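Engineer:
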Amino acid sequence: NAGVTQTPKFQVLKTGQSMTLQCAQDMNHNSMYWYRQDPGMGLRLIYYSASEGTTDKGEVPNGYNVSRLNKREFSLRLESAAPSQTSVYFCASSGNLAIAKNIQYFGAGTRLSVL
Amino acid sequence: AQSVSQHNHHVILSEAASLELGCNYSYGGTVNLFWYVQYPGQHLQLLLKYFSGDPLVKGIKGFEAEFIKSKFSFNLRKPSVQWSDTAEYFCAVTSFSGGYNKLIFGAGTRLAVHP
Numbered sequence: 001n002a003g004v005t006q007t008p009k010f011q012v013l014k015t016g017q018s019m020t021l022q023c024a025q026d027m028n029h030n031s032m033y034w035y036r037q038d039p040g041m042g043l044r045l046i047y048y049s050a051s052e053g054t055t056d057k058g059e060v061p062n063g064y065n066v067s068r069l070n071k072r073e074f075s076l077r078l079e080s081a082a083p084s085q086t087s088v089y090f091c092a093s094s095g096n097l098a099i100a101k102n103i104q105y106f107g108a109g110t111r112l113s114v115l
Numbered sequence: 116a117q118s119v120s121q122h123n124h125h126v127i128l129s130e131a132a133s134l135e136l137g138c139n140y141s142y143g144g145t146v147n148l149f150w151y152v153q154y155p156g157q158h159l160q161l162l163l164k165y166f167s168g169d170p171l172v173k174g175i176k177g178f179e180a181e182f183i184k185s186k187f188s189f190n191l192r193k194p195s196v197q198w199s200d201t202a203e204y205f206c207a208v209t210s211f212s213g214g215y216n217k218l219i220f221g222a223g224t225r226l227a228v229h230p
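Following this line, the structure appears as structure tokens:
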């Protein structure tokens with residue numbers, strides 16, 4: 001049981017390049033999330049998907065787009081990378097974000113550097 | 116806005132020392148509380164959670180946390196740390212906002228345990 005799988009683990013981009021971070025979960029979860037982790041700031045929510053077919057902005061959505069491809073997969077796209085997007089990106093999933101006792105499970109992260 | 120404060124950003128201990136990491140949140144409603152741990156190079160793992168009931172919660176690897184509602188606190192404790200406890204620890208709180216249970220993270224505490 002892999003849980004939440006993210007690819008790639010590491011990526012270096014030049015300013016202006018685009019890339020897509022992939023995330024897949026095998027727990028049959030309805031809800032999925034993308035966070036970024038910056039030193040001294042904890043994790044901040046970029047986008048989330050309550051269920052297949054829906055996506056919504058989180059706390060820091062600017063510069064990102066997402067696609068909930070199917071129930072398993074939730075991708076994060078940087079159309080034109082900027083140095084401010086250098087961060088560690090985490091994908092997470094949970095059973096149902098509308099339920100109070102909602103536990104999120106995290107992937108291993110993608111470390112992205114934008115030069 | 117809801118927020119989570121972790122008092123120490125870096126903690127250095129010797130093996131067998133006792134650990135207490137502080138966490139305070141600002142939210143007046145019903146909360147669910149979590150501690151996540153991130154070991155070097157690994158994904159975030161759930162250490163323990165509080166939903167309701169006994170305010171003293173026991174988690175994995177000998178960790179426990181106490182919910183003190185009057186102090187808006189959820190401090191993490193371990194009587195005797197080991198070198199393998201070296202990791203970053205995140206306190207998180209859910210609050211219901213915009214139709215879903217949003218997970219709000221503290222900035223994290225980086226723990227280094229020396230043999």
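Protein chains in written order, with our numbering: chain F, 1 to 115; chain E, 116 to 230. Glycine included, each C-beta is placed from N, C-alpha and C at the ideal position. The structure presented is a predicted model; accordingly, all values stated were derived computationally and were not measured.
Locate the beta strand (DSSP E) running through PHE149(E), then write down its first and last residues.
Structural biologist: Note, PHE149(E): beta strand (DSSP E), 147 to 153.
Engineer: Determine the burial state of THR54(F): buried for a count of at least 16 other Cβ atoms within 10 Å of its Cβ, exposed for fewer.
Structural biologist: Label assigned to THR54(F): exposed.
Engineer: Which two residues bound the contiguous beta strand (DSSP E) that contains ILE284(E)?
Structural biologist: Here chain E comprises residues numbered 116 to 230, so residue 284(E) is not present and cannot be evaluated.
Engineer: Any Cβ of chain E within less than 7 Å of the Cβ of GLY53(F)?
Structural biologist: No, its Cβ sits nowhere closer than 7 Å to a Cβ of chain E.
Engineer: Given that a residue counts as buried once 16 or more other Cβ atoms are within 10 Å of its Cβ, and exposed if not, what is ARG77(F)?
Structural biologist: ARG77(F) is exposed by the Cβ-count criterion.
Engineer: Between which two residues does the beta strand (DSSP E) containing GLU135(E) stretch?
Structural biologist: Looking at the DSSP string, the run of the beta strand (DSSP E) that includes GLU135(E) is 134 to 136.
Engineer: Determine the DSSP secondary structure at LYS9(F), reduced to helix, strand or coil.
Structural biologist: Coil, per DSSP.
Engineer: Where does ASP200(E) sit, in a helix, a strand or coil, going by DSSP?
Structural biologist: In the structure shown, ASP200(E) sits in a helix (DSSP, three-state: H, G or I).
Engineer: Can you tell me the Cα-Cα spacing of SER51(F) and GLN6(F), whole angstroms?
Structural biologist: Straight-line Cα distance between these residues: approximately 19 Å.
Engineer: Output, in chain order, the set of chain F residues within a Cβ distance shorter than 9 Å of ALA131(E).
Structural biologist: Ordered by position in chain F, no residue passes the 9 Å Cβ test against ALA131(E), which lies about 29 Å from the chain.
Engineer: Report the option in LYS101(F), GLY40(F) and ASN28(F) whose CA atom is closest to the CA atom of SER87(F).
Structural biologist: For the residues LYS101(F), GLY40(F) and ASN28(F), the minimum Cα distance to SER87(F) belongs to GLY40(F).
Engineer: Below 8 Å on C-beta distance, what does PHE74(F) contact in chain E?
Structural biologist: Per Cβ cutoff of 8 Å: no residues; PHE74(F) is ~15 Å from chain E at best.
Engineer: So with CB distances below 9 Å, who are the chain E contacts of GLY107(F)?
Structural biologist: Within 9 Å Cβ-Cβ: HIS158 and LEU159.
Engineer: What does DSSP give as the partner residues of HIS125(E) in its beta bridges?
Structural biologist: Answer is ARG225(E).
Engineer: Any Cβ of chain E within less than 7 Å of the Cβ of MET27(F)?
Structural biologist: Output row for MET27(F): interface = no.
Engineer: Looking only at C-alpha atoms, which of TYR204(E), THR224(E) and PRO194(E) sits nearest to GLU130(E)?
Structural biologist: The option with the nearest alpha carbon to GLU130(E) is PRO194(E).
Engineer: So, at 7 Å on beta carbons, what are the nonlocal neighbours of ALA222(E) in its own chain, with the 5 sequence-adjacent residues on each side left out?
Structural biologist: Around ALA222(E): GLN121 and HIS124.
Engineer: Leaving out five residues before and five after TYR105(F) in sequence, what residues of the same chain have Cβ atoms less than 8 Å from its Cβ?
Structural biologist: Only GLY3, VAL4, GLN25, MET27, HIS29, ALA92, SER93 and SER94 meet the Cβ criterion.
Engineer: So, for LEU128(E): in the same chain, excluding its five sequence neighbours on each side, which residues have a beta-carbon less than 8 Å away from its beta-carbon?
Structural biologist: Excluding positions up to five away in sequence, the list reads LEU134, VAL196, LEU226, ALA227, VAL228 and HIS229.
Engineer: Taking DSSP as the reference, what is the three-state secondary structure of GLN85(F)?
Structural biologist: The answer is helix: DSSP assigns GLN85(F) an H, G or I state.
Engineer: At the 7 Å Cβ level, is GLY215(E) part of the contact set with chain F, yes or no?
Structural biologist: Position check: residue 215(E) holds Tyr in this sequence, whereas Gly was assumed. Output row for TYR215(E): interface = yes.
Engineer: Count the other C-beta atoms from every protein chain shown that fall within 10 angstroms of the C-beta of TYR154(E), then say buried if there are 16 or more, exposed otherwise.
Structural biologist: Looking at its Cβ environment, which holds fewer than 16 other Cβ atoms inside 10 Å, TYR154(E) is exposed.
Engineer: Pull up the distance between the alpha-carbon of SER67(F) and that of GLN22(F), whole angstroms please.
Structural biologist: So the two alpha carbons sit approximately 10 Å from each other.
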